[in-house]
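Each remark here refers to the structure printed beneath this line.
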Amino acid sequence: MRTRRASKAGATLPRDFYDRPTLVVAEELLGKVLVHRTPGGTAGGMIVETEAYIGEDDPACHAAPGPTVRNAPLYGPPGVAYVYLNYGIHYLVNAVTEAEGRPAAVLIRALHPVDGARLMQKRRAPDGRAVADTELCRGPGNLTRALGITLTENLSDLGSGRLRIEDRGFARGEVAWGPRVGIRVGVERPWRCWIAGHPSVSGRAR
DNA sequence: CGTTCGATGCACT
DNA sequence: GTGCATCGAACGT
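Using this note's numbering, count along the first sequence one by one with no gaps and you end on 1344.
Now the structure itself:
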């Protein structure tokens, strides 16, 4: 794959991109750019770490208990955002995958800043404390805070909404796979993937 | 280095 | 009432 310099305008991904096996989407989202445009400014970063949550048979997937009010977006059309509040403190953002009626999604776990690093700084540390670029969007709770993503962005169309995923031609690099983190069930499924060695990947194993 | 633990809201049983 | 797809501060080694 060829690497290109980042451009301001990026093409969003067609719905067909998300309407595929979730593990394929999880890997191919690496290198793409998650961008949130708000009145306060634009912030976006290259996706460097994801996790797949697939179907009612996956005990860690929010669809495991069957359809509920909260997990309804998972059962809807692919290519939209599924945002929820975790631990009462952090918003986590997913991209819904696979055909409508098949509940699955890719959790975005880490980004590397591309646009609006200054705005991210302000959101992550209002007190003015310095946060390194590699820390700004390291971890699923940190990246939503840096991008200003809240429940308002739930069900946002990732192809045309204020929150979208763009292809800016960044190379994906070498991809590594391992177990998902932060869950107590379904740990045996190696459905986390990341750009090998990238400093913005969360956890210890890069 | 490492591990533990509190914060904090709400979906679900 | 219980248990989270987390984070960071506080402590121990």
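Backbone N, C-alpha and C fix where the C-beta goes; we use that ideal spot for every residue, glycine too.
- In the three-state scheme derived from DSSP, where H, G and I count as helix and E and B as strand, GLY1169 is classed as coil.
- At a cut-off of 4 residues, the continuous stretches assigned as alpha helix (DSSP H) that sit fully inside the segment 1206-1263 are 1210-1213 and 1255-1262.
- Counting along the chain, GLU1273 sits inside the alpha helix (DSSP H) bounded by residues 1271-1274.
- Contact between the segment 1227-1244 and the segment 1309-1321 is absent: fewer than 3 CB-CB pairs across the two stretches fall below 8 Å.
- Per DSSP, the continuous beta strand (DSSP E) segment holding ASP1305 begins and ends at 1301-1305.
- According to the DSSP assignment, GLY1279 belongs to the alpha helix (DSSP H) that extends over 1278-1285.
- The C-alpha of ARG1208 lies about 15 Å from the C-alpha of GLY1193.
- By the CB criterion at 8 Å, ASP1253 and PRO1216 fall outside the cutoff.
- Pairwise C-beta distances place the segment 1147-1155 in contact with the segment 1290-1297, as three or more of them are shorter than 8 Å.
- Under the DSSP assignment, ARG1153 falls in the alpha helix (DSSP H) whose first and last residues are 1153-1156.
- Annotation for ILE1185: the continuous beta strand (DSSP E) segment containing it runs 1179-1192.
- Residues GLY1335 of the same chain have their beta carbon placed closer than 6 Å to that of ARG1344, with the five preceding and five following residues left out of the count.
- Non-local beta-carbon contacts of TRP1315 in its own chain, meaning distances under 6 Å to residues more than five positions away in sequence, involve PRO1328 and CYS1331 in chain order.
- The three-state secondary structure of ALA1164, taken from DSSP, is helix.
- Looking at ARG1322, PHE1155 and HIS1250, the one whose alpha-carbon comes closest to that of VAL1186 is HIS1250.
- Collapsing the DSSP output to three states places THR1290 in a helix.
- Less than 8 Å separates the beta-carbon of GLU1304 from that of LYS1170.
- For ARG1302, the closest alpha carbon among the candidates THR1160, ALA1164 and ALA1181 is that of ALA1181.
- Here ALA1201 is buried. Its C-beta has 16 or more other C-beta atoms within 10 Å.
- Taking the Cβ atoms as the reference, THR1235 lies roughly 5 Å from VAL1163, within the contact range of under 8 Å.
- In the three-state DSSP reduction, HIS1200 falls in the coil class, being neither helix nor strand.
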